[in-house]
Each structure stands twice: as structure tokens, then as C-alpha cells.
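Colleague: In the working numbering, the protein residues as written are 316 to 695. Can you keep this structure in mind? I'll have questions shortly.
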Amino acid sequence: MIQKGYKYRIYPDVIQSERIAQHFGTVRFIYNTALSMRVRYYEQYGKGISKRAVQDQFVALKKTPEFAWLNTIYSQSILSALEHVHVAYQNFFRGNAQYPRYKSRKNSWQSYQMPQNVKVDFDNECIQLPKIGWIKAKLHRTFDGEIKTCTLKRNPAGQYTLSVLVETPDTLPVPPPIQADKTIGIDLGLKHFMIQDNGDKTDNPRFLNQALPRLRIEQKKLSRCQKGSQNYQIQKNRVARQHLKVSCHRNNFLHQTSSWLVRDNQAVTLAFEDLHVKGMIRNRKLSRHISDVSWGRFLTFVKYKAQWSGKNTIYCDRFAPSSKQCECGHINHDLTLDDRIWTCPVCHQTWDRDVLAANNIKRFALAEASGKMGECPVSV
Ligand SMILES: [Zn+2]
């Protein structure tokens, strides 16, 4: 069984949009109320309140006349909001996340979940949501399997998408053993998006950079509009659309490149550097470029696509001196970022630094995968 996600644009009419907005608002209200309930309980009793106790409080709340309107909202969505608070708390106490924050009405992204009862009609191109009804949809792709959780989102440009998680009857193929001659090393960079150990380079399209001039003009126009006026809303929408366009182009590129890398390749193992992109974004000079290039998302795409087609992904330590160390073991400590090509003083091989990095990533990752750490001379 594989779980696959499908995302569709949906086109609710005015009444349906209104109903959806009520769901966004209610789910946010439930989330925030449950959060403050937990905070107060902890302050009073010095311990966490159980999931069950929070649920019982809301069941009681629904029965009061003041909160009777909660019954017009899909109850499973309310339960999943309670679940979200619970999970957010667990993640915080395990040290995996920050303290959960309240959700804001002003957030330009709104969403809510439906754990079941969503129906998809491919013949008539529409989707049925509980308590909302049948909504027109663009069903560009069909699927086989059981619908699990669905998430409805509204983006800053006011467009709606439904993400459908489907449990398909397929099973994951078993990947073959990792072999050095069927492995390619891949270095991810800023100048070139991707460099393979055989010297192939893929350009970095820099979508944000391309869009920046236009974005700055629209942003400036927005700053001249009177806040809250109708023109302000129209212009705000225009800016949101521009941003959306950049992220669509980028996603499309990441999907195409990752599919191509996984499918149209003789290699059965792909080796990457383990990037801690989030840590790198703190470098403010490079942060815009690094978030534009989206290596993290790319690696996520490659990983699941490799799993689906029975291929391996392996990683090497991010501190490996990947562009400084010659194959013979000599480390060129004097190498600067401007040195694109260098010759090893020990074995006299000439290296393109990016291709060398890809080669080293392959060597180090293979060594780490086989557990022979001694063969991987990593110096920090
Ligand atoms: Zn050398």
C-alpha cells in the first residue's frame, strides 16, 4: 500500500465559498480555544490535560444553545483541529517544534481538514465535501484507491485547492543493492542547480530573480493605495498572484527535474549531500537565493519518486570537504569560492570544483552507506 497525494483546483460558487469560510473560521476558533484551554489547565494544575478531556469539553459546548451553530460545521473537521493542537503540543514537549501559536484570521493562507466522507466524481468533474455539497473541480488526474484525509486550502490570491490523500493498492518495489558503478553523485548549487559526477550541469532558473522587477513595481503600486480601499484589495491580489506564479514555476521545474533524474537514468542509486538548508538560510546575504532554489523540496521529491520506482537515495555528511578534497586524499585548504578549477599538487589531476564535489559526494555517501566510516576521511 502506498499513500499518494493528489492536488486539484476546485471552484466553489458564492454560497459554497461562504460555507467554506465558515469552516475556516470555526476550525480556527476550535484550535485557538483548545490551545488556550490547555494553557490554562497547565497553569492551574501543573500538568497536561488529556485529549479525551478536551474533546469532552467541546461535546458539552456543542449542546449549549449559545454554541448550537457548531452543529452546522462538519464534526470530523472540528475533531481534526483538536487533534492538531494535541500533536502540536506533543511535538513541542518532545523538543521537535516551537510552542504552538494561535492561528490568525489575517493569515492569507486558510485551510481545514476532512478526515473522511469526501467523494470524487471523475465523470462529471466535481467533488463532494461534507456540509458543503458538490463543487466544480478540475480533475486533471485520476487515481485508484481509498480516499483518506483531504485538506482544503485557500491561497492569498483567493484560489481553492483540495489535496486528497489516497491509499493505493500498489506496493513499493524493492530497490536493488547499492553498487558503486550504478551510483551517481549529485551536487546542488546556486550557479548551477545540479551538477552530476559525469560533468552534466543543469542551470538554476532563478524564478524569483526573474520576477523581481515586476514584483517591485506591483509592490510599489500597492504601497500607494489607501489601506482597506477597494483598489488596495485588487492590487494586493495582483501581488499575491505574482508570488503564486513564481512558486508555480519553481514547483514545476523541481518536479520535472526530479522526475527526469529518477526515471531517465541508468543509475539505481542517487547520492546527495545532506543539506541543512534551514540553517543555511540564516546567512542573510544568500538567503533569498537559497530559498528560491529550494533544494530541500527538491530532495523530498527525489526521495519519494526514487522509492516509487525502486531506486536508492543515499546521503553524505554535509561537512565533508566536498570541493576541496582530491581523489588522492589531498585537501586544498587554500581553495576560495572564486577558484573554479584547480590542480592537485600531489597527483597533478585537474578538477572543476563542482564536478569534484559531485564525485566526492558519491564517494563519501557510498562509504557512509556501507558503514565503512574509516574510508571517509571527513575533517571539519
Ligand atoms: Zn590529488
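Idealized CB from N, CA, C, for every residue including glycine. Since the structure is predicted, the reported quantities are computational estimates derived from the model, not experimental observations.
1) Return the chain-ordered list of same chain residues with a C-beta closer than 8 Å to the C-beta of Y357, the five sequence neighbours on each side being excluded.
2) Give me, in chain order, the residues of the same chain whose beta-carbon lies closer than 7 Å to that of N552; leave out the 5 immediate sequence neighbours on both sides.
3) Measuring CA to CA, which of I646, I450 and D328 is closest to H699?
4) Which residues does DSSP pair with F587 in a beta bridge?
5) Is it buried or exposed for G500, if we count other Cβ within 10 angstroms and need 16 for buried?
6) For the region 647 to 663 and the region 603 to 623, state whether three or more C-beta atom pairs, one from each stretch, are separated by less than 8 Å.
7) Leaving out five residues on either side along the sequence, give the residues of the same chain with a beta carbon under 6 Å from the beta carbon of T341.
8) Across which residues does DSSP place I450 in a beta bridge pair?
9) Less than 7 Å separating the Cβ of V670 from some heavy atom of ligand 1?
10) Does ligand 1 have even one heavy atom less than 7 Å from the beta-carbon of V554?
11) For E683, is the classification buried or exposed, using 16 other Cβ atoms within 10 angstroms of its Cβ as the cut-off for buried?
12) Hey, could you find the ends of the beta strand (DSSP E) Y323 is sitting in?
13) Using only alpha-carbon positions, find the residue among W449, V481, N422 and Q370 that is nearest to E398.
14) Taking 7 Å as the cut-off, is the C-beta of H645 nearer than that to any heavy atom in ligand 1?
15) With a Cβ-Cβ cutoff of 8 Å, do E588 and C641 count as a contact?
16) Using a threshold of 7 Å, is the CB atom of C641 nearer than that to any non-hydrogen atom of ligand 1?
17) Buried or exposed: which applies to A495, given that a residue is buried once 16 or more other Cβ atoms fall within 10 Å of its Cβ?
18) Quick check: does the Cβ of C465 come within less than 7 Å of any heavy atom belonging to ligand 1?
19) Between K468 and the rest of its own chain, which residues show a CB-CB distance below 6 Å, the 5 nearest in sequence each way excluded?
20) Got a sec: does ligand 1 put a non-hydrogen atom nearer than 7 Å to the Cβ of C563?
21) Could you compute how far the alpha carbon of I339 sits from the alpha carbon of P520?
22) Quick one: what does DSSP say H455 is sitting in, helix, strand or coil?
23) Please report how far the alpha carbon of N347 lies from the alpha carbon of F382, in whole angstroms.
24) Over the uninterrupted alpha helix (DSSP H) stretch that includes G500, give me the two end residues.
25) Note down, in chain order, each residue of its chain lying with its Cβ closer than 8 Å to the Cβ of D518, except the 5 sequence neighbours on either side.
26) Assess contact between the region 443 to 451 and the region 322 to 337, defined as three or more Cβ pairs (one per stretch) separated by less than 8 Å. Is contact present?
27) Who does K516 pair with in a DSSP beta bridge?
28) According to DSSP, is T665 helix, strand or coil?
29) Between I462 and V433, which are expected to be in contact by the criterion C-beta below 8 Å, what is the C-beta distance as a whole number of angstroms?
30) Kindly indicate which three-state DSSP category K618 falls into: helix, strand or coil?
31) According to the Cβ coordinates, are Q557 and A526 closer than 8 Å?
32) Looking at the strands, I want to know which residues DSSP matches up with E642.
33) On the criterion of 16 or more Cβ atoms from any shown chain inside 10 Å, does L576 qualify as buried, or is it exposed?
Modeller: Let's see:
1) Counting from 1 along the sequence shown, the entry for residue 357 is found at position 42. For Y357, where only same-chain residues beyond five positions count, the Cβ hits under 8 Å are G363 and I364.
2) By 1-based counting over the sequence shown, the position of residue 552 is 237. The residues A472 and G473, in chain order, have a CB closer than 7 Å to that of N552 in the same chain once the five nearest residues on each side in sequence are set aside.
3) The requested residue 699 is not part of the displayed model; the chain covers only 316 to 695.
4) Position 272 of the sequence shown holds residue 587. F587 pairs with Y630.
5) Here residue 500 corresponds to residue number 185 of the sequence shown, with the count starting at 1. Counting every other CB atom within 10 Å of its CB across the protein chains shown gives G500 a total of 16 or more, marking it as buried.
6) No, they do not touch.
7) Within the sequence shown, residue 341 is the residue found at index 26, counting from 1. Residues I388 of the same chain have their beta carbon placed closer than 6 Å to that of T341, with the five preceding and five following residues left out of the count.
8) Here the question's residue 450 lines up with position 135 in the sequence shown. DSSP, once it has assigned bridges, lists I442 as partnering I450.
9) Sequence index remark: in the sequence shown, residue 670 carries index 355 (1-based). Relative to ligand 1, the beta carbon of V670 is positioned no closer than 7 Å to any heavy atom.
10) The count along the sequence shown starts at 1 and reaches residue 554 at position 239. Answer for V554: no, Cβ out of range of ligand 1.
11) The residue labelled residue 683 in the question sits at position 368 within the sequence shown. By the neighbour-count rule (16 or more Cβ atoms within 10 Å), E683 is buried.
12) For the purposes of this step, residue 323 is identified with residue 8 of the sequence shown, where counting begins at 1. Counting along the chain, the unbroken beta strand (DSSP E) around Y323 starts and ends at I317 to Y326.
13) Here the question's residue 398 lines up with position 83 in the sequence shown. By alpha-carbon distance to E398, the top candidate from W449, V481, N422 and Q370 is Q370.
14) Numbered from its first residue, the sequence shown carries residue 645 at position 330. For ligand 1, at least one heavy atom lies less than 7 Å from the Cβ of H645.
15) Along the sequence shown, read from residue 1 onward, the residue named residue 588 stands at position 273. Along the sequence shown, read from residue 1 onward, the residue named residue 641 stands at position 326. The beta carbons of E588 and C641 sit no closer together than 8 Å.
16) Position 326 of the sequence shown holds residue 641. For ligand 1, a non-hydrogen atom lies closer than 7 Å to the CB of C641.
17) Reading the sequence shown from its first residue, position 180 is the one you call residue 495. Taking a 10 Å sphere around the C-beta of A495, we find fewer than 16 other C-beta atoms and assign the residue as exposed.
18) Sequence index remark: in the sequence shown, residue 465 carries index 150 (1-based). Residue side-chain check: C465 keeps its Cβ at 7 Å or more from all non-hydrogen atoms of ligand 1.
19) Mapped onto the sequence shown, residue 468 falls at position 153. Cβ within range, chain order: S426 and T476.
20) Your numbering for residue 563 matches position 248 in the sequence shown. No, the Cβ of C563 stays beyond 7 Å of every heavy atom of ligand 1.
21) The sequence position of residue 339 within the sequence shown is 24, counting from 1. The sequence position of residue 520 within the sequence shown is 205, counting from 1. At residue 339 the sequence reads Phe, which differs from the Ile that was named. F339 and P520 have their C-alpha atoms roughly 36 Å apart.
22) Numbered from its first residue, the sequence shown carries residue 455 at position 140. DSSP, reduced to helix, strand and coil, places H455 outside both helices and strands of the structure shown, so it counts as coil.
23) Taking the sequence shown and counting its residues from 1, the one referred to as residue 347 is at position 32. Taking the sequence shown and counting its residues from 1, the one referred to as residue 382 is at position 67. Distance between the alpha carbons of N347 and F382: 16 Å.
24) Locating residue 500 in the sequence shown gives position 185, counting from the first residue. Taken as a continuous stretch (DSSP letters only), G500 belongs to no alpha helix (DSSP H), being part of the beta strand (DSSP E) at T498 to L503.
25) For the purposes of this step, residue 518 is taken as residue 203 along the sequence shown, with counting starting at 1. For D518, where only same-chain residues beyond five positions count, the Cβ hits under 8 Å are H507 and F508.
26) With the cut-off at 8 Å, the region 443 to 451 and the region 322 to 337 touch.
27) If you number the sequence shown from 1, residue 516 lands on position 201. Looking at the DSSP output, K516 shares a beta bridge with I510.
28) Reading the sequence shown from its first residue, position 350 is the one you call residue 665. Of the three classes helix, strand and coil, the one that applies to T665 here is strand, per DSSP.
29) Along the sequence shown, read from residue 1 onward, the residue named residue 462 stands at position 147. Along the sequence shown, read from residue 1 onward, the residue named residue 433 stands at position 118. Yes, I462 and V433 are in contact; Cβ-Cβ is about 6 Å, under 8 Å.
30) Sequence index remark: in the sequence shown, residue 618 carries index 303 (1-based). Taken through DSSP and simplified to helix, strand or coil, K618 comes out as helix.
31) Numbered from 1 along the sequence shown, position 242 holds the residue referred to as residue 557. Numbered from 1 along the sequence shown, position 211 holds the residue referred to as residue 526. Yes, these two residues count as a Cβ contact at 8 Å.
32) The sequence position of residue 642 within the sequence shown is 327, counting from 1. The partner list for E642 (beta bridge, DSSP) is empty, contrary to what the question assumes.
33) Along the sequence shown, read from residue 1 onward, the residue named residue 576 stands at position 261. Buried is the call here.
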